[in-house]
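For reference, the structure discussed in these notes is given below.
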Amino acid sequence: MLLDFTPVNEGKKNLHAFSEGMSVDDLKAATNASIDAILEIVKPLNDAQVLFLPNDPEADDPYAKPGEEKIGWSVAHLVVHVTASSEEAATYSSILARGIPYPSEPRLRYETEWKHVTSKAQCIQRLEESRRMRLAYLDAWPDKPNLHVQRGVSERFLEKFGPMNAPAAFLFGLKHEQGHHEQFREAARQAREASAGV
Numbered sequence: 002m003l004l005d006f007t008p009v010n011e012g013k014k015n016l017h018a019f020s021e022g023m024s025v026d027d028l029k030a031a032t033n034a035s036i037d038a039i040l041e042i043v044k045p046l047n048d049a050q051v052l053f054l055p056n057d058p059e060a061d062d063p064y065a066k067p068g069e070e071k072i073g074w075s076v077a078h079l080v081v082h083v084t085a086s087s088e089e090a091a092t093y094s095s096i097l098a099r100g101i102p103y104p105s106e107p108r109l110r111y112e113t114e115w116k117h118v119t120s121k122a123q124c125i126q127r128l129e130e131s132r133r134m135r136l137a138y139l140d141a142w143p144d145k146p147n148l149h150v151q152r153g154v155s156e157r158f159l160e161k162f163g164p165m166n167a168p169a170a171f172l173f174g175l176k177h178e179q180g181h182h183e184q185f186r187e188a189a190r191q192a193r194e195a196s197a198g199v
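Just add 1 to the spot in the sequence shown (first one is 1) and you have my numbering.
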């Protein structure tokens, strides 16, 4: 079952408070639910549909390569983006859970080049690979994880999300991923309509 991040999104709870009482099994279940939800969107599509660049008037990515700042993201692009972010968060969580503080830099993030993902099969492979990796990072938590050690974050980040201990760090990636679910659905809808000539 997908986690309901509404209290966090509405500013009623920070991620640290939201994560309190969550077990490793809870985090694994939430990970599986999020990936399964994305797979439900991806699996009915064909290769051309996962590559379709949708119209997105709100597209604005200041970190994109020159010329790509305002483009809509294809389903394939979304897959590589959310998996990279969730894996990064899972990596921090495994380090923190073992009682090792981690600074804000260097970031532990790698994102597959989206233009290299050219088929539905590659999207599914990337999602299942990411599932395996994230669950493995949770398996790397000790039986009694350290919940006091935190990742170094900015004051603004701290004010918005709270202290980043192991569970909160993991959930940061999952919250980001689920925040893109609607974008996945819209990209898939436009792709289906385009291929049907609507």
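Virtual Cβ for every residue (Gly too), placed ideally from N, Cα, C.
All values derive from a computational prediction rather than experimental measurement.
According to DSSP, simplified to helix, strand and coil, what is residue i?
i: TYR103; result: strand
i: MET134; result: helix
i: ARG127; result: helix
i: ARG152; result: strand
Does residue i come within less than 9 Å of chain D when only Cβ atoms are used?
i: ALA197; result: Among the chains of the structure shown, chain D does not appear; only one protein chain is present.
Report all residues from its chain with a CB closer than 8 Å to the CB of residue i; omit the five preceding and five following residues, and keep chain order.
i: ASN56; result: GLY73, GLN191
i: LEU16; result: VAL9, PHE162, GLY163, MET165, ALA169, LEU172, PHE173, LYS176
i: HIS181; result: LEU79, HIS82, VAL83
Assign residue i to buried or exposed, taking buried as 16 or more other Cβ atoms, counted over all protein chains shown, within 10 Å of its Cβ.
i: MET165; result: buried
i: GLY174; result: buried
i: TYR93; result: buried
i: TYR111; result: exposed
i: THR7; result: exposed
i: GLN151; result: buried
i: TYR64; result: exposed
i: GLN126; result: exposed
i: LEU46; result: buried
i: LEU139; result: buried
i: LEU3; result: exposed
i: LEU28; result: buried
Apart from the five residues on each side of it in sequence, which residues of its chain come closer than 6 Å, Cβ to Cβ, to residue i?
i: THR32; result: ARG135
i: GLU178; result: SER35, VAL83, SER87
i: LYS14; result: PRO8
Who are the Cβ neighbours of residue i in its own chain at under 7 Å, not counting the five residues just before and after it?
i: MET23; result: PRO168
Count Cβ pairs between the region 39-53 and the region 73-88 that sit closer than 8 Å; are there 3 or more? Yes, they touch.
- Item | Entirely enclosed alpha helix (DSSP H) segments - the region 18-60, minimum 4 residues | Secondary structure remark: continuous alpha helix (DSSP H) runs of at least 4 residues inside the region 18-60, in chain order: 25-43, 48-52.
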